[in-house]
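2 protein chains.
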Amino acid sequence: MPENDRTRTTRGRQLDPTRDAAILDATLDVLAEVGYTGMKIEMVAERAKAGKGTLYRRWPSKEELVIEAVTRMGQRDVGAEQLPDTGTLRGDIIALIRPELMEEQSQKVRVIAGLTSMLASHEGLAESANNANIGAWITANRVLIQRAVDRGEAKADADVDFLARLIPSMSAHRIALEGKALDKDFLVKLVDEVLLPALR
Amino acid sequence: MPENDRTRTTRGRQLDPTRDAAILDATLDVLAEVGYTGMKIEMVAERAKAGKGTLYRRWPSKEELVIEAVTRMGQRDVGAEQLPDTGTLRGDIIALIRPELMEEQSQKVRVIAGLTSMLASHEGLAESANNANIGAWITANRVLIQRAVDRGEAKADADVDFLARLIPSMSAHRIALEGKALDKDFLVKLVDEVLLPALR
DNA sequence: CGTATCCGGTAATGGCCAGTACCGGTAACG
DNA sequence: CGTTACCGGTACTGGCCATTACCGGATACG
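So the protein sequences, as listed, match chains A and B. When you number the first sequence by full-length UniProt numbering, it's gap-free, plus one each residue, and the end is 200. When you number the second sequence by full-length UniProt numbering, it's gap-free, plus one each residue, and the end is 200.
And the structure:
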């Protein structure tokens with residue numbers, strides 16, 4: 001039920017669809033900054049320049065709002081179809097590192113980190129959060145590495161699933177626990193010093 | 001100020017020092033299970049078979065209690081002096097994987113994960129939590145890897161600081177986000193397939 | 001011994017904040 | 001046009017705990 005029941009038959013003014021995006025974006029911003037517990041509905045409303053009523057007219061609770069925001073965040077992912085294909089794994093992985101994507105990934109990781117405490121209790125959220133976000137990054141890596149294996153660039157007995165987690169895991173740790181930014185140097189070093197050696 | 005001011009000059013019964021450990025242990029257990037927000041003072045009291053007053057007689061707030069518990073958790077670390085020394089890096093790292101340590105590390109990671117949302121807001125906690133816990137594990141790895149470099153077992157230009165984070169980061173991701181246990185197979189694979197190739 | 005203080009319980013107190021109700025104003029249905 | 005429902009604001013309500021206050025026993029200091 002990501003989209004609430006918007007099929008109206010009644011009279012009068014309709015919900016303004018442009019407010020939705022503003023509210024969901026504000027939700028992610030606040031989540032990334034202060035986590036689920038620190039996030040107050042009023043902060044989201046204020047940042048979205050909306051009244052609390054406007055939020056509650058769309059989502060029945062804070063929890064539902066957060067679930068939709070996180071789910072939507074997971075949907076704007078890299079898109080497994082349009083992955084780079086430069087002919088080498090190193091080139092592919094580095095092509096994945098565009099500055100906008102890095103910033104976006106950083107926000108995603110921060111959102112998830114601020115959510116970990118409720119993952120255990122809330123079932124659907126854990127799914128959306130983990131699978132849809134870091135998960136997409138891992139999936140992209142999996143595809144790229146598998147290609148390298150098929151191409152003979154990487155050794156045939158490599159554990160693709162396992163190695164696909166390498167870069168996202170290390171990055172998540174750097175962002176969430178060390179509080180550092182995700183810079184290109186770090187990622188390039190990860191590819192050259194760790195991932196590629198592991199595939200030879 | 002880890003230890004409260006216990007220098008009493010007044011008359012009457014003293015604080016029973018054996019209650020402290022029970023309460024701090026209970027705090028860590030609850031934190032690992034439900035995170036900071038989900039943790040209610042009453043849960044801790046109940047698990048420690050204590051009254052709430054007994055807690056508040058020792059710590060002025062939930063926050064202070066958690067800080068001391070987490071700080072103390074950081075102090076029972078591997079102990080950089082008694083690190084294994086088997087002659088090979090592989091042997092050393094695997095010797096570090098004792099079942100009790102794995103269970104303890106898993107609890108630590110779960111505690112930290114349930115705390116991430118408050119790390120941003122509370123300064124000292126982030127320090128205690130990150131540096132003192134995963135940090136100790138990273139430090140142990142750093143020492144072992146440096147030894148391997150000195151010994152000529154690993155290549156001389158290896159970035160020891162960087163590689164020391166490999167196993168702890170990957171393990172933390174596995175425990176905190178994937179919710180899986182930290183088993184020996186996973187760690188051995190990490191050493192053989194990732195760390196050692198990166199050092200050749 | 002006498003009493004100050006602790007102990008494990010349990011019953012207030014009080015603040016924070018999700019959720020609700022309304023307000024004056026406005027846009028979009030019939 | 002006349003409703004009806006929305007919009008951004010701003011109270012108000014109610015529940016959940018952190019924190020405090022007590023209770024009827026222990027206990028250890030002087």
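By construction, the Cβ of each residue, glycine as well, lies at the ideal position given by its N, Cα and C atoms.
- Within the same chain, 97 come within 7 Å of residue 184 (chain A) by CB-CB distance, once the 5 residues on both sides are set aside.
- By the Cβ neighbour-count rule, residue 74 (chain B) is buried, with 16 or more other Cβ atoms within 10 Å of its own.
- When DSSP states are grouped into helix, strand and coil, residue 116 (chain A) belongs to the helix group.
- Taken through DSSP and simplified to helix, strand or coil, residue 128 (chain A) comes out as helix.
- For residue 53 (chain A), the uninterrupted alpha helix (DSSP H) run begins and ends at 52-56, by DSSP.
- Apart from the 5 residues on each side of it in sequence, residue 156 (chain A) sits with its Cβ closer than 7 Å to the Cβ of 149 in its chain, given in chain order.
- Contact check for residue 164 (chain B) against residue 142 (chain B) passes: the beta carbons are separated by less than 7 Å.
- Judged by beta-carbon spacing, residue 167 (chain A) lies within the 7 Å limit of residue 190 (chain A), meaning their Cβ atoms are closer than that value.
- Using a Cβ-Cβ cut-off of 7 Å, residue 116 (chain A) counts as an interface residue toward chain B, since at least one Cβ of chain B sits closer than that to its own.
- Taking C-beta separations shorter than 8 Å and ignoring five residues to either side along the sequence, the partners of residue 90 (chain B) in its chain run 191, 192 and 196, following chain order.
- In the three-state scheme derived from DSSP, where H, G and I count as helix and E and B as strand, residue 178 (chain A) is classed as coil.
- For residue 22 (chain B), the enclosing alpha helix (DSSP H) starts and ends at 17-38.
- Comparing alpha-carbon positions, the option among A:111, A:87 and A:119 lying closest to residue 151 (chain A) turns out to be A:87.
- Taking 9 Å as the upper bound on Cβ-Cβ separation, chain B lies near residues 158, 159, 162, 163, 165, 166, 168, 169 and 170 of the stretch 157-170 of chain A.
- For residue 151 (chain B), there are no neighbours in chain A by C-beta distance under 8 Å, as the nearest C-beta there is about 19 Å away.
- Look at residue 171 (chain B) here: in three-state DSSP terms it is helix.
- Boundaries of the alpha helix (DSSP H) around residue 160 (chain B): 160-164.
- With a threshold of 7 Å between beta carbons, residue 194 (chain B) makes contact with chain A.
- When secondary structure is reduced to three states using DSSP, residue 137 (chain A) falls in the helix class.
- Boundaries cannot be given for residue 86 (chain A), as no alpha helix (DSSP H) includes it and DSSP labels it neither H nor E.
- Straight-line measurement puts the Cα of residue 16 (chain B) at about 47 Å from the Cα of residue 128 (chain A).
- Interface flag for residue 198 (chain B) against chain A is set, since a Cβ pair is found closer than 7 Å.
- Residue state for residue 93 (chain A) is assigned as helix, using DSSP reduced to three classes.
- Between the stretch 104-121 of chain A and the stretch 169-176 of chain A, the count of Cβ pairs shorter than 8 Å is three or higher; the stretches touch.
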